[in-house]
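One structure below.
Residue numbers (the working numbering): 168 to 475.
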């Protein structure tokens with residue numbers, strides 16, 4: 168697959184996961200949905216809203232330490248205005264997770280009061296943890312459970328079966344495998360998911376992907392590119408007769424892709440990434456760029472903001 172518009176990542180086990188989530192709802196009191204703070208809308212599975220309808224829910228903006236603080240503040244305000252309880256967290260460092268248990272108790276105050284009236288104080292609250300692949304569910308559970316009790320790996324689709332974890336005397340978590348949805352109606356959603364690594368790099372053209380990311384960064388975060396790679400995006404010329412990667416990816420238009428590819432070439436030149444004949448190794452430059460974006464080395468970047 169070469170274009171973001173062609174990304175339709177829906178293995179068979181994900182269909183099974185959707186069924187399991189629906190079947191397990193009766194076992195839990197609430198749902199904690201983990202999203203990527205850099206792409207809060209694109210990393211929410213639109214099918215989950217229907218499956219989880221009626222369950223009290225929290226939304227955890229994970230990897231908040233990698234996201235633009237101004238964008239995250241805007242998302243927090245949006246969720247609060249929609250009566251959704253949001254939290255900023257970083258599951259790798261544990262930042263913000265200390266507030267999770269109190270937030271669950273706040274969310275389920277009515278349920279706790281029912282337990283008290285029935286003489287069932289101390290009965291554990293049960294929360295289902297949901298989210299798309301590679302968004303940090305297992306790291307979240309490991310942090311709360313005090314050790315690597317959930318299988319964690321930095322690639323999509325590792326967790327396979329539903330697992331229960333007791334994280335406190337009064338709190339149990341149900342882990343579920345990450346699940347995407349059958350089709351991305353907006354190609355830009357697939358593109359953003361690929362930027363963050365939620366979709367395996369093996370199913371995308373990483374040079375096109377890197378060029379699309381650079382086009383976005385050149386518009387919104389030019390100073391970060393200048394600081395990291397030593398060039399100003401405004402100074403990168405676009406050769407109009409260069410039709411390489413000129414097709415519309417669906418998420419980023421062809422002209423923007425060509426501009427991004429010119430910036431990718433500039434990165435390769437400045438990092439002295441050459442192959443035989445002195446040609447710039449843009450595949451290597453793409454891998455470096457994506458890695459440095461995903462690890463936060465470029466700075467705190469958000470790829471989408473609330474509308475309005």
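Where a beta carbon is used, it is the ideal one built from N, C-alpha and C, also for glycine.
If you're wondering where the values come from, they're calculated on a predicted model, not measured in any experiment.
Taken through DSSP and simplified to helix, strand or coil, residue 269 comes out as helix. Between residue 398 and residue 433 a beta carbon distance of about 5 Å is seen, short of the 8 Å cut, so the two are scored as contacting. Between residue 258 and residue 193, the beta carbon gap of about 27 Å keeps them out of contact (Cβ cut-off 8 Å).
Rounded to whole angstroms, the Cβ separation of residue 405 and residue 465 is 22 Å, and the two are not in contact under 8 Å. Here residue 255 is buried: its Cβ has 16 or more other Cβ atoms, across all protein chains shown, within 10 Å.
In this chain, the alpha helix (DSSP H) harbouring residue 309 covers 304-312. When beta bridges are read from the DSSP output, residue 470 appears opposite no residue. Boundaries of the alpha helix (DSSP H) around residue 382: 373-387. Per DSSP, the beta bridge partners of residue 229 are 203.
The region 456-475 makes contact with the region 233-246: 3 or more CB pairs, one atom from each, lie closer than 8 Å. For residue 293, there is no enclosing alpha helix (DSSP H); the residue is found in the beta strand (DSSP E) stretching over 292-297. Per DSSP, the unbroken alpha helix (DSSP H) holding residue 360 starts and ends at 354-363.
For the pair residue 201 and residue 288, the Cα-to-Cα distance works out to about 28 Å. Going by DSSP, residue 458 is part of the alpha helix (DSSP H) stretching over 449-461. Taking 8 Å as the cut-off, the Cβ atoms of residue 297 and residue 195 do not count as close.
Taking the Cβ atoms as the reference, residue 363 lies roughly 6 Å from residue 206, within the contact range of under 8 Å. In terms of Cα proximity to residue 438, the closest of 244, 420, 395 is 395. Sorting 311, 342, 338 by C-alpha distance to the C-alpha of residue 300 places 342 at the top.
A residue is called buried once 16 or more other Cβ atoms fall within 10 Å of its Cβ, and residue 188 is buried on that count. Contact check for residue 209 and residue 471: beta-carbon distance about 6 Å, within the 8 Å limit, so the pair qualifies.
Under the criterion of beta carbons closer than 8 Å, residue 215 and residue 267 do not qualify as touching, at roughly 19 Å. Counted as a single uninterrupted DSSP element, the beta strand (DSSP E) harbouring residue 330 occupies residues 330-335. Annotation for residue 277: the continuous alpha helix (DSSP H) segment containing it runs 276-284. Between residue 275 and residue 223, the gap from beta carbon to beta carbon is short of 8 Å. In the three-state reduction of the DSSP assignment, residue 404 falls in the coil class, being assigned neither a helical nor a strand state. In this structure residue 424 is in contact with residue 378, their Cβ atoms being roughly 5 Å apart against a cut-off of 8 Å. Residue 219 carries a coil assignment under DSSP once its states are collapsed to helix, strand and coil.
Bounds of any beta strand (DSSP E) do not take in residue 249, whose DSSP letter is neither H nor E.
Boundaries around residue 431 are those of the alpha helix (DSSP H), 421-437, since no beta strand (DSSP E) includes it. In the structure shown, residue 257 adopts extended strand secondary structure according to DSSP, grouped into three states. With contacts defined by Cβ atoms closer than 8 Å, residue 291 and residue 336 form a contacting pair.
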